[in-house]
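Residue numbers (our numbering): 466 to 1365.
We put the CB at the ideal spot given by N, CA and C, even for glycine.
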């Protein structure tokens, strides 16, 4: 059937074209041959045999390696004929490549057809060599190393009677001509289901489905996007909550659910070997990293909780907090209005409760905890490298080289230009010239910068909201609380600053979520436009774009509160204005640290709740609706492939969002931990749930993912290292410029004794008075002077106080910065420089002293590599001898045959 004009211009097609019309695609047959032969390949249709647990074709022998689902449109209008033709072409090309297919009509919906894909042993051998898959050649008889950590955690692993320990082998890259060198006890079991599915997907991604002149179109991904197929996925081996009745079924999904994903197993260590075997190395390394991160958080959470308890128990004994709450000190200090015209004078002791809350987080324990976290993050990254090296060895990805990773089909399809490979000096096809590549990258960078500026604009909008709402709350909140009896108990707790902070934090969270959803699509489009070469390069490029955006999106408001709010406000007679209309925000008399803590707690909690809703509730509701719409009465009569079709597909980006969520959390835990010691504890609770939620989602709510090879966590490793380095500077800056720790230390060691004071002993008494400057109310200008009625207690008072270190009225340089201010600034800068250098030096020494790969593991890898090489050479020698022995016999047999 001919395709319509609309289909000829289908933007979903994946085209491959060269200038001279020659098409050179790896592992693909001749175009002209397909044009004539695809009609003669007919997929065999078979009725469902009534066995819901079967993982095989109807003959019970050929294993199902992949399933394709399409809606039969043969009886519909002619515009659907193009899809049918492409599907027939695609299935014909698969069979031409040696793949076997069997189609079965749906039990639930007559329109749906399930095409089961089987890879014969010969085809598996061919593509195992193409993909450089390592396979066992002999059991590993070397003694395994055991660490103290493993001795401790082994008691929390599932019993080996339930989940058997995976056998260890010497492995080598597979070669078809050396098949006898490998341990092939059973051809059907030689390649694991995960490896079979990986090779099947490789073929599906490169099989052609249409040809137009010199253009070949190929790949299952574009057929899925174009609606030719509705789904493509490997099969789960059983139901998650019921064992399969098949005699040889390993029931790995059932085991993973009971020993890993079920809430009752929250205290158990993860069965990483089984996760890797069932889902592949890429998902295995993610859960290994998440588990290791969670274990390391226990130490940080314990120390942070201790710091919080220390602050909570000492909040009542803090000298400067007592001065704020004392009616004879804080009650006699009259503070200047914090906004123009409508704000009132107020007593300092009205902030008594907020000053006590501030003592919980702004104490010397916080300084110790911030330094501890800087060391902790270094230990976490260094020990993770060592643990990752052990996983690389155990999972046989030590020599996973970049050349083993195949090109993306989207990249291959656009290879129309030639260049000389700088390594091999041979000609190769590339999708764009150097100028074209530069243009694509520049377009991507400019788009990302535009969106970053858009985030900054949204932050400015929230700041304007803060300025406007603070005036409103200052004018109305106190009055409403005073004359509403129900709210009378809250008047000491709900201040204008707190009300503004909480509402602004909630608005920031909403804006963050909205911008995330929009930018996600933009980042994917930009990365697709750049056309990365391999999937790893694609994910790394997308990771950098998304993290840069998320970094600015999530952390910008926190950076504003920590380092900008209240820093440039002027003084009461001459305040600083935004856009000439809004008076700049001032910090609470206790500083902005409390507001930063509020911002962090709201964003961290809100983000965790929203992510869990997305990961748990939405997939569960979608599956529930799907099952209800299909009116499935009982799952027992439904074949395995239809049960899996009811589950949710894993997105194209796979684990990207899982990593992104955790890395953003890692930033909250490290970048601003000096203001919120409970952040590691919240992260620990979230991660304990996250591990089981992700496990539950992968095992019960999602189709089985296509297994992928991975050696490490990719681009996330350098991002974590960058965050760790930045965390030292941000925490030092928070302690120096956001908290009052340095001014208190300066007062204690310098200002409280002579010559600045009459006392001879170091003390914190009088700190509050020294940290507040004096302003003559007669110096108010027309715009900033209060126009509302003064309070009843405001009798003949001529001065008010404000938070700053400035000269008093009557001084030759009145309202200019005092010498006390410059002492504090010098101390803050000295603190930052000294602490940063000490911590950075400590981090460097720890990184140097802790090798990335344990020495014992290095020796074991070399030993295994040496023994593997010997075994392969011995096997090849034996094969050559056998060939020499058999050759004369073949010649003699050939002579007798010719004479006969």
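Own chain, CB closer than 7 Å to residue 1131, minus 5 neighbours either side, in chain order: To locate residue 1131, count along the chain shown from 1; it is residue 666. Taken in chain order, the residues that qualify are 1185 and 1188.
Selected residue, minimal CA-CA separation from residue 1279, among 1288, 1238 and 985: Sequence index remark: in the chain shown, residue 1279 carries index 814 (1-based). Here the closest residue by C-alpha is 1238.
Residue from 1252, 993, 1202 and 1177 whose Cα sits closest to the Cα of residue 1296: Counting from 1 along the chain shown, the entry for residue 1296 is found at position 831. Among 1252, 993, 1202 and 1177, the Cα nearest to that of residue 1296 belongs to 1202.
Between the CA atoms of residue 983 and residue 926 - distance to the nearest angstrom: Here residue 926 refers to the residue found at position 461 when the chain shown is read from its first residue. Here residue 983 refers to the residue found at position 518 when the chain shown is read from its first residue. Each residue's alpha carbon lies about 18 Å from the other.
Entirely enclosed alpha helix (DSSP H) segments - the segment 1203 to 1244, minimum 4 residues: 1206 to 1211 and 1232 to 1235
Beta-carbon contacts of residue 1152 that lie in its chain and below 6 Å, excluding the five residues immediately before and after: Along the chain shown, one-based indexing puts residue 1152 at 687. If we look at residue 1152 and ignore the five residues flanking it on each side, its Cβ neighbours are 759.
Residue from 1014, 569 and 1050 with nearest C-alpha to residue 1030: One-based indexing of the chain shown puts residue 1030 at position 565. Nearest C-alpha to residue 1030: 1050.
Residue 1172 vs residue 757 beta-carbon contact at 8 Å: Here the question's residue 1172 lines up with position 707 in the chain shown. Here the question's residue 757 lines up with position 292 in the chain shown. Cβ distance not < 8 Å, so residue 1172 and residue 757 don't count as in contact.
Helix, strand or coil at residue 964 [DSSP, three-state]: Here residue 964 corresponds to residue number 499 of the chain shown, with the count starting at 1. DSSP places residue 964 in helix when its eight states are reduced to three.
Residue(s) in a DSSP beta bridge with residue 1325: Here residue 1325 corresponds to residue number 860 of the chain shown, with the count starting at 1. Partner(s): none; residue 1325 has no beta bridge.
Burial state of residue 961, where buried means 16 or more other Cβ atoms lie within 10 Å: In the chain shown, residue 961 corresponds to position 496, counting from 1. The residue in question, residue 961, is buried, as its Cβ has 16 or more Cβ neighbours within 10 Å.
With 16 other Cβ atoms within 10 Å as the buried cut-off, status of residue 1247: Translated into the one-based positions of the chain shown, residue 1247 becomes position 782. Label assigned to residue 1247: exposed.
Burial state of residue 1079, where buried means 16 or more other Cβ atoms lie within 10 Å: Residue mapping note: residue 1079 aligns to position 614 of the chain shown, counting from 1. Residue 1079 comes out exposed.
Selection from 580, 713 and 736 that minimises the alpha carbon distance to residue 630: Position 165 of the chain shown, counted from the first residue, corresponds to residue 630. Ranking the options by Cα distance to residue 630, first place goes to 736.
N- and C-terminal bounds of the alpha helix (DSSP H) containing residue 1285: The residue given as residue 1285 occupies position 820 in the chain shown. From DSSP, the alpha helix (DSSP H) with residue 1285 extends over 1284 to 1314.
Coil, strand or helix - residue 861 by DSSP: Locating residue 861 in the chain shown gives position 396, counting from the first residue. Note: residue 861 maps to coil in three-state DSSP.
Residue 526 versus residue 645 - alpha carbon distance: Here residue 526 corresponds to residue number 61 of the chain shown, with the count starting at 1. Here residue 645 corresponds to residue number 180 of the chain shown, with the count starting at 1. Their Cα atoms are separated by approximately 23 Å.
Other residues of its chain near residue 974: CB distance less than 7 Å, five sequence neighbours each side excluded: For the purposes of this step, residue 974 is taken as the residue at position 509 of the chain shown. Here the set comprises 1067, 1068 and 1071.
Alpha-carbon to alpha-carbon, residue 662 and residue 703: Taking the first residue of the chain shown as 1, we reach residue 703 at position 238. Taking the first residue of the chain shown as 1, we reach residue 662 at position 197. Going from the Cα of residue 703 to the Cα of residue 662 covers about 16 Å.
First and last residue of the uninterrupted alpha helix (DSSP H) at residue 1109: Here residue 1109 refers to the residue found at position 644 of the chain shown. 1105 to 1110 is the span of the alpha helix (DSSP H), which, as asked, contains residue 1109.
Where residue 510 falls, given that 16 or more other Cβ within 10 Å makes a residue buried: Residue mapping note: residue 510 aligns to position 45 of the chain shown, counting from 1. Flag for residue 510 reads exposed.
C-alpha distance - residue 528 paired with residue 711, whole-angstrom precision: Sequence index remark: in the chain shown, residue 528 carries index 63 (1-based). Sequence index remark: in the chain shown, residue 711 carries index 246 (1-based). Cα to Cα, the separation comes out at about 13 Å.
Three-state secondary structure assigned by DSSP to residue 1140: Along the chain shown, read from residue 1 onward, the residue named residue 1140 stands at position 675. In this structure, residue 1140 counts as coil in the three-state DSSP scheme.
Simplified DSSP assignment, three categories, for residue 800: Here residue 800 corresponds to residue number 335 of the chain shown, with the count starting at 1. Note: residue 800 maps to strand in three-state DSSP.
Rounded straight-line distance, which links the Cα of residue 1013 to that of residue 795: Indexing the chain shown from 1 puts residue 795 at position 330. Indexing the chain shown from 1 puts residue 1013 at position 548. Cα to Cα, the separation comes out at about 45 Å.
Buried/exposed call for residue 969, threshold 16 Cβ in 10 Å: Translated into positions along the chain shown, residue 969 becomes position 504. The residue in question, residue 969, is buried, as its Cβ has 16 or more Cβ neighbours within 10 Å.
Assumed close pair residue 1124, residue 751 - CB separation to whole angstroms, cut-off 8 Å: Indexing the chain shown from 1 puts residue 1124 at position 659. Indexing the chain shown from 1 puts residue 751 at position 286. That belief holds up - the Cβ atoms of residue 1124 and residue 751 are roughly 7 Å apart, short of 8 Å.
Option in 582, 555 and 559 with minimal Cα separation from residue 567: Along the chain shown, one-based indexing puts residue 567 at 102. Taking only the C-alpha atoms, the option nearest residue 567 is 582.
For residue 1007, the first and last residue of its enclosing beta strand (DSSP E): The count along the chain shown starts at 1 and reaches residue 1007 at position 542. Looking at the DSSP string, residue 1007 is not in any beta strand (DSSP E); the run it does join, the alpha helix (DSSP H), is 1000 to 1028.
Sheet register partners of residue 569 (DSSP bridge): Indexing the chain shown from 1 puts residue 569 at position 104. BP columns for residue 569 point to 579.
Cβ neighbour criterion (16 or more within 10 Å) applied to residue 911: Indexing the chain shown from 1 puts residue 911 at position 446. Label assigned to residue 911: exposed.
Residues bridged to residue 1265 (per DSSP): As a position in the chain shown, residue 1265 is number 800, starting the count at 1. Note: residue 1265 sits in a beta bridge opposite 1240.
Through-space distance from residue 677 to residue 497, alpha-carbon basis: Within the chain shown, numbered from 1, the residue matching residue 497 stands at position 32. Within the chain shown, numbered from 1, the residue matching residue 677 stands at position 212. Any answer about residue 497 is weak, because its pLDDT of 44 lies below 50 and its placement is not dependable; what the coordinates show is given next. The alpha-carbon atoms of residue 497 and residue 677 are separated by roughly 10 Å.
Reference residue 640; option with closest CA among 784, 1083 and 596: Numbered from its first residue, the chain shown carries residue 640 at position 175. It is 596 whose Cα lies nearest to the Cα of residue 640.
8 Å Cβ cutoff met for residue 1319 and residue 851: The sequence position of residue 1319 within the chain shown is 854, counting from 1. The sequence position of residue 851 within the chain shown is 386, counting from 1. In this structure, residue 851 lies closer than 8 Å to residue 1319 by Cβ.
Proximity to residue 1074 [Cα-Cα], best of 1126, 1036 and 1113: One-based indexing of the chain shown puts residue 1074 at position 609. For residue 1074, the nearest C-alpha among the options comes from 1126.
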